[in-house]
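In the working numbering, the protein residues as written are 150 to 312. Down below is the structure, laid out as structure tokens.
As structure tokens, this is what we get:
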């Protein structure tokens with residue numbers, strides 16, 4: 150067994166310590182993650198911005214199904230919170246040459262959109278003249294130029310997830 154040294158200089162005693170076997174497993178997992186990240190990059194199915202990955206299978210669905218699909222795989226529907234994230238999601242939209250749902254919804258006040266957790270938008274990239282659904286288009290799609298439009302949630306759009 151290896152004993153880990155704390156920053157203060159004390160040694161861990163009578164604590165659970167990482168065994169050589171556990172270190173080997175961690176190293177193997179790190180290599181697998183690196184290989185998967187590389188494979189996703191090579192196939193163009195994922196784009197990384199900071200610590201976030203945005204990915205798509207290329208399949209389209211309604212908003213509710215897209216949201217559930219992302220959650221089922223341990224992610225969330227892609228939600229651009231700044232221009233860099235918007236640009237990353239746009240790469241996937243362009244690759245598939247179709248519009249994709251993003252993680253925004255219309256709030257109780259008509260024409261006011263928010264993140265799915267209910268917080269106020271801090272970044273937006275609306276197409277000129279939108280949102281224009283007047284309360285009937287409650288979801289948001291990204292166009293192939295990176296701008297946003299309010300859209301009926303029942304429409305089928307590219308499923309975009311973030312991890």
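Where a beta carbon is used, it is the ideal one built from N, C-alpha and C, also for glycine.
In this structure, the CA atom of residue 227 is about 25 Å from the CA atom of residue 179.
Less than 8 Å divides the Cβ of residue 310 from the Cβ of residue 222. In this structure, the straight-line span from the alpha carbon of residue 253 to that of residue 185 is close to 29 Å. Listed in chain order, the non-local C-beta contacts of residue 280 below 6 Å within the same chain comprise 260 and 299, local neighbours out to five positions each way being set aside. Residue 301 and residue 249 have their C-alpha atoms some 12 Å from each other.
Beyond the five residues adjoining it in sequence on each side, residue 207 comes within less than 7 Å, by CB distance, of 245 in the same chain, given in chain order. Annotation for residue 196: 203, 237 and 240 place their beta carbon closer than 6 Å to its own, counting only its chain and skipping 5 residues before and after. Burial state of residue 174 is exposed, judged by a 10 Å Cβ sphere holding fewer than 16 other Cβ atoms. When secondary structure is reduced to three states using DSSP, residue 287 falls in the coil class, being assigned neither helix nor strand. The secondary-structure analysis by DSSP pairs residue 299 across a beta bridge with 289. Residue range 212 to 221 is occupied by the alpha helix (DSSP H) that includes residue 220.
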